[in-house]
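To start, the structure under review is shown below, and the notes come after it.
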Amino acid sequence: MNEVKNKPTTKLTRAERWGKAWPLLFCLVTAAAFMTICTKSSPLYPMNDWVDVNVYFTIGRKMAGGSVLYRDIFDHKGPLLYFIYALIGWASPRSYTGIYVMEILCFSLFLYFSGKCAGVYLKNKGLICGLLLLQAAAVAPSDAFLHGGSVEEMCLFPAACALYLTLRSVRKKEPIPGRDAFVIGLCASAAFWIKYTLCGNYFGLVLFVALYYLIGLRRPKDLLADIGWFLLGLAPVTVVVLLYFAVHGALGDLFQTYFYNNIFVYAGAEEKNLLTMAANAWDHSVTTWRLNRGYMALVLLGALAALPALRRRPWEALAVLLPLPALGFFALGNTFERYYGLYYAAFSILGLIVLGALAQRAAEKLPRDLPKAAGICLCGALGAGMLYYAYRTSPNNYLIGCEKKDMPQYQFAEIIDQEPGANLLNYGFLDGGFYFASGVEPEWKYFFLPNLRSPEVVAEQNRYMRQQLADFVVTQSEWNRELMDTVPGYKMVAQAEIRYEGRQIPYYLYQRE
653 MNEVKNKPTT
663 KLTRAERWGK
673 AWPLLFCLVT
683 AAAFMTICTK
693 SSPLYPMNDW
703 VDVNVYFTIG
713 RKMAGGSVLY
723 RDIFDHKGPL
733 LYFIYALIGW
743 ASPRSYTGIY
753 VMEILCFSLF
763 LYFSGKCAGV
773 YLKNKGLICG
783 LLLLQAAAVA
793 PSDAFLHGGS
803 VEEMCLFPAA
813 CALYLTLRSV
823 RKKEPIPGRD
833 AFVIGLCASA
843 AFWIKYTLCG
853 NYFGLVLFVA
863 LYYLIGLRRP
873 KDLLADIGWF
883 LLGLAPVTVV
893 VLLYFAVHGA
903 LGDLFQTYFY
913 NNIFVYAGAE
923 EKNLLTMAAN
933 AWDHSVTTWR
943 LNRGYMALVL
953 LGALAALPAL
963 RRRPWEALAV
973 LLPLPALGFF
983 ALGNTFERYY
993 GLYYAAFSIL
1003 GLIVLGALAQ
1013 RAAEKLPRDL
1023 PKAAGICLCG
1033 ALGAGMLYYA
1043 YRTSPNNYLI
1053 GCEKKDMPQY
1063 QFAEIIDQEP
1073 GANLLNYGFL
1083 DGGFYFASGV
1093 EPEWKYFFLP
1103 NLRSPEVVAE
1113 QNRYMRQQLA
1123 DFVVTQSEWN
1133 RELMDTVPGY
1143 KMVAQAEIRY
1153 EGRQIPYYLY
1163 QRE
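Our numbering applies: residue 653 is where the sequence shown begins, and numbers increase by one.
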């Protein structure tokens, strides 16, 4: 009888620990460098004046102070987004540092899992590092990386993680392990409870996995097991969300706001059919291509490379080809904003893998005894070049070097500060960062006018004005200014304008007489 010898458990050596840690450290440093240049949340900028991120941040601060989402303070994005911003609002209420750190972490994990995807096909780690620098330079300064802090940006790394776990198993022609199916479910639930239109790639992935198990592997029992693990992965975030609203007696507010309003009010129920959504998805994808040719060219290259692979490696090709159109259908099938298309960047590593394979073949002809220092210097030079490219091409770079005094938000804050205890209403437009700059937190549920302009929201904002509940009112457009001039009891005390998304935007501050 053969004796079974137990392997002695040995601690990892310093070199082994470094070997495991350095890829993540590389991604963290790369992300920090690119985020410092490309997001308005970084210290190089006077503030992040994007309306969306200020909505998230204002609600996060209010939740950190005890307000209940949807019941006491209103927006229509998902609750997990606001749980994250509540943590940021608690840790960093008076600066954008918490958002900046969050963006670095999200982008570093996006690069890390993209690198893991590349590692499924490429073995040269130095080459993969170079590809990640190219990916960062294609995504971070893109037009869709608008201002910084979008939900699409936050959801890139879960999508890249799910893609990696799928490709790793399919490449080996093996079932997806239960723990990986659990993690994919966790990624899908995170996207669902942040913005459920970002779940399209997961629907495509589920369809692929079903075909892969039933036709490719012919293992239906394993499919049932993985479905169980996937559903189990959906549970942790879902349970936390439901418990939060149940404890606060606000489950009705959750379903009314996040589901009913988004489905039937935001884009209009008459537009919700498959044909119009498919047509919208195509048109909006073309627009995304026109505005973001860098990373979209990589996505297209990866998809085109998968087409001929359908004959030789059909399941690896389908793992890419099924999630991509589903992603576009869900994310871009209704309304369109420039940052919506950023979610395509989760698949940008596919095109870089194609380029990396070509580069790897060319590198085989080089001498094998090249010193590591040469590779490090080359990677450093590439990184410096890509950072300079990001600085020159980022749509946000016009605010680098500006000071707080240049921003209307801080100019108005100086006036508001002269009236201790005064309150403020952001009237008729999205939260422009005036609550943050002034340090005055909103007192009303509908503290801004969201894109989801239900009759209730508009009526309540108008009621605040009729009853003169606000000491100060800030508004944006000429139409709102004309309207404010007809509201009795208020006078304009300041106006300012600043460049925003390529045009000069005027702001007006009114004070109650």
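Idealized CB from N, CA, C, for every residue including glycine.
Going by other Cβ atoms of all chains shown within 10 Å of its Cβ, with 16 needed for buried, is residue i buried or exposed?
i     : result
C851  : buried
C1029 : exposed
G644  : Any question about residue 644 goes unanswered here, given that the chain covers just 653 to 1165.
D1137 : exposed
F678  : buried
N925  : exposed
S747  : exposed
G904  : exposed
W702  : buried
G1085 : buried
V620  : Residue 620 is absent from the structure shown; the chain starts at 653 and stops at 1165.
L798  : buried
P1107 : exposed
P731  : buried
By alpha-carbon positions, which one of the options ends up nearest to residue i?
i     : options                    : result
F1099 : R1105, G1091, E1108, Y1079 : Y1079
P695  : E1055, E1149, E1095        : E1055
I828  : R666, N986, A930, W967     : W967
L838  : L664, A812, A1033          : A812
N1103 : L664, V707, G671           : V707
R1164 : I1150, N1048, A1122        : A1122
D1069 : F1088, W674, K873          : F1088
V705  : Y991, R820, A862, R965     : Y991
D935  : F988, S760, G718           : F988
A978  : G1008, S937, R963, R964    : S937
G1035 : A1146, L783, T940, T1045   : L783
N776  : A1009, E1108, R713         : A1009
G1073 : Y865, P675, E1095          : E1095
L1082 : L876, N1132, L761, N932    : N1132
R1151 : N1048, V889, L774          : N1048
A1065 : R1105, V1125, A1033        : V1125
R965  : R1155, K825, Q1156, A1146  : K825
Y910  : Y722, R713, R1013          : Y722
Does the beta-carbon distance from residue i to residue j come in below 7 Å?
i     : j     : result
Y947  : A997  : yes
N1181 : D795  : Nothing about residue 1181 can be read from this structure; the chain reaches only from 653 to 1165.
V1006 : L953  : yes
Q1128 : Y1159 : yes
A738  : A716  : yes
I846  : V803  : yes
V791  : R823  : no
L1039 : A683  : no
A969  : A955  : no
L950  : G1037 : no
V1092 : L1077 : no
Y1162 : M1144 : yes
L906  : F897  : yes
A842  : P810  : yes
F762  : L819  : no
F758  : M687  : Sequence check: residue 758 is Cys here, not Phe. No.
Q1119 : G1141 : no
Which residues in the same chain as residue i place their Cβ atom closer than 8 Å to its Cβ, once the five residues preceding and following it in sequence are excluded?
i     : result
R831  : W881
P698  : L1051, C1054, E1055, K1056, D1058, M1059, Y1062
A921  : Here the model assigns A921 a pLDDT of 49, short of 50, so the residue's position is not dependable, and the following value carries that caveat. Excluding positions up to five away in sequence, the list reads I915.
F834  : W881, F882, L884, G885
E1130 : P1158
Looking only at its chain, what residues have a beta carbon closer than 6 Å to the beta carbon of residue i, apart from the 5 residues adjacent to it on each side?
i    : result
G750 : I740, A743, S744
N914 : H728
L974 : G856, L859, F860
T691 : E755, G800
Y816 : F765, K768, C769
S719 : I725
P793 : C690, A1042, T1045, S1046
I736 : none
Quick check: does the Cβ of residue i come within less than 6 Å of any heavy atom belonging to the ligand MN?
i    : result
L894 : For the ligand MN, the structure offers nothing, since it holds no ligand at all.
Could you name the residues of the same chain whose beta carbon sits closer than 7 Å to that of residue i, not counting the 5 residues immediately before and after it, in chain order?
i     : result
C781  : F678, C1031
M929  : F981, G985, N986
E1071 : D1123
N654  : Low local confidence applies: a pLDDT of 44 at N654 is under 50, so the model's placement there is unreliable, with the coordinate-based value given in what follows. Closer than 7 Å at Cβ, skipping near neighbours: no residue.
N932  : L984, G985, N986
I1157 : Q1128, E1149, I1150
Between residue i and chain B, is the shortest Cβ-Cβ distance under 7 Å, so that the two count as touching?
i    : result
G741 : Here there is only one protein chain, and chain B is not present.
Subject >> Ranges of the alpha helix (DSSP H) found wholly within the region 869 to 935, counting only runs of at least 4 >> reply: 872 to 899, 903 to 906
Original post:
Which parts of the region 699 to 761 are runs of the alpha helix (DSSP H), unbroken and 4 residues or longer, counting only runs that do not cross its ends?
Top reply: 703 to 716, 731 to 743
Original post:
Taking only runs of the beta strand (DSSP E) that begin and end inside the region 1055 to 1116, which ones reach a length of at least 3 residues, in chain order?
Top reply: 1076 to 1078
**OP:** Kindly provide the ranges of any alpha helix (DSSP H) runs that are 4 or more residues long and lie completely inside the region 828 to 857, ordered along the chain.
**Re:** 830 to 846
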